[in-house]
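Heads up, the thing below is written out as structure tokens.
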Amino acid sequence: EVQLVESGGGLVQPGGSLRLSCAASGFTFSDHYMDWVRQAPGKGLEWVGRTRNKANSYTTEYAASVKGRFTISRDDSKNSLYLQMNSLKTEDTAVYYCARVSTFGLVLHHDYWGQGTLVTVSS
Amino acid sequence: DIQMTQSPSSLSASVGDRVTITCRASQSISSYLNWYQQKPGKAPKLLIYAASSLQSGVPSRFSGSGSGTDFTLTISSLQPEDFATYYCQQSYSTFPITFGQGTRLEIK
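Chains A and B are the protein sequences, given in the same order. According to our numbering, the first sequence holds residues 251 to 373 in order. According to our numbering, the second sequence holds residues 31 to 138 in order.
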């Protein structure tokens, strides 16, 4: 059974840092791209960023709203995904989901999601 | 960025109704369109990928169609467990990946 379990959320002051983790199990983690998606309270879904797999050199992509502040990394030996968040702003307050990326031909989609971890940025 | 616009933003319907939700992209995205269902306090769940392919385990009353800029999600006969918020998502080649604003489906 595929499982994704996020951790590391909490309350942080504006300008602070936080590192989220996502522990994966039930599939070959190293084969897959992995994404972070967030959802502000009462709002819609916002894609945060992606890390590709080793075959694609672990390259990353980011939303403009987080580029230069957030860093996505992975440790395939630990089946884990990370999101390092620096210079946090109040508008980064959200539930953060990790999501597995799968492909159908060239169409990528998020077929499994974690339960989410809440990050609150407030003084 | 590719903008995704869903209509309606909210919808009231009854059990047994046929419901259609529309998603329009600001430029052609071929069939790079996915649909998700989200219930309160839960993670999104993939329903449809590549515009019309049903995700494993999803009931056949859900279907998707469209290509280019216009897409639809149809629920053929609403069940009580279908009341939720639905999002479309484009995964065309250019970043960022973007979602529609969501359609909240409520019980009439």
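For every residue, glycine included, the Cβ atom is placed at its ideal position computed from N, Cα and C.
Classification of residue i by the beta-carbon crowding that lies within 10 angstroms, buried from 16 upward
i: Thr115 of chain B; result: buried
i: Asn306 of chain A; result: exposed
i: Glu256 of chain A; result: buried
i: Leu108 of chain B; result: buried
i: Arg269 of chain A; result: exposed
Between the CA atoms of residue j and residue i - distance to the nearest angstrom
i: Phe113 of chain B; j: Gly46 of chain B; result: 12 Å
i: Tyr62 of chain B; j: Lys138 of chain B; result: 32 Å
i: Met335 of chain A; j: Ser372 of chain A; result: 15 Å
i: Arg48 of chain B; j: Phe101 of chain B; result: 16 Å
i: Pro89 of chain B; j: Lys75 of chain B; result: 13 Å
i: Val369 of chain A; j: Phe277 of chain A; result: 27 Å
i: Ser327 of chain A; j: Arg302 of chain A; result: 15 Å
i: Gly132 of chain B; j: Asp325 of chain A; result: 33 Å
i: Leu254 of chain A; j: Lys304 of chain A; result: 19 Å
i: Ser123 of chain B; j: Ser267 of chain A; result: 31 Å
i: Trp286 of chain A; j: Ser315 of chain A; result: 13 Å
i: Tyr117 of chain B; j: Arg54 of chain B; result: 12 Å
i: Gly87 of chain B; j: Ser42 of chain B; result: 26 Å
Close beta carbons around residue i, own chain, < 6 Å, minus the five adjacent residues each side
i: Trp363 of chain A; result: Tyr347, Ala349
i: Gln119 of chain B; result: Asn64, Phe129
Neighbourhood of residue i by C-beta distance below 8 Å, restricted to the same chain and skipping five residues each side
i: Ala313 of chain A; result: Glu296, Trp297, Val298, Gly299
Close beta carbons around residue i, own chain, < 7 Å, minus the five adjacent residues each side
i: Ser337 of chain A; result: Gly265, Arg319
Write down every uninterrupted run of the alpha helix (DSSP H) in the stretch 39-100 of chain B whose length is 4 residues or greater and which is fully enclosed by it, in chain order.
Counting whole runs of 4 or more residues, the stretch 39-100 of chain B contains no alpha helix (DSSP H) stretch at all.
Closer than 7 Å between beta carbons: that is the criterion. Which residues of the stretch 48-70 of chain B meet it against chain A?
Within the stretch 48-70 of chain B, contact with chain A at the beta-carbon level (separation under 7 Å) is assigned to Ser61, Tyr62, Asn64.
Curious, which full-length beta strand (DSSP E) runs of at least 3 residues does the stretch 303-365 of chain A contain?
If we require 3 residues or more, the beta strand (DSSP E) runs fully inside the stretch 303-365 of chain A come out as 310-312, 320-325, 330-335, 344-354, 357-363.
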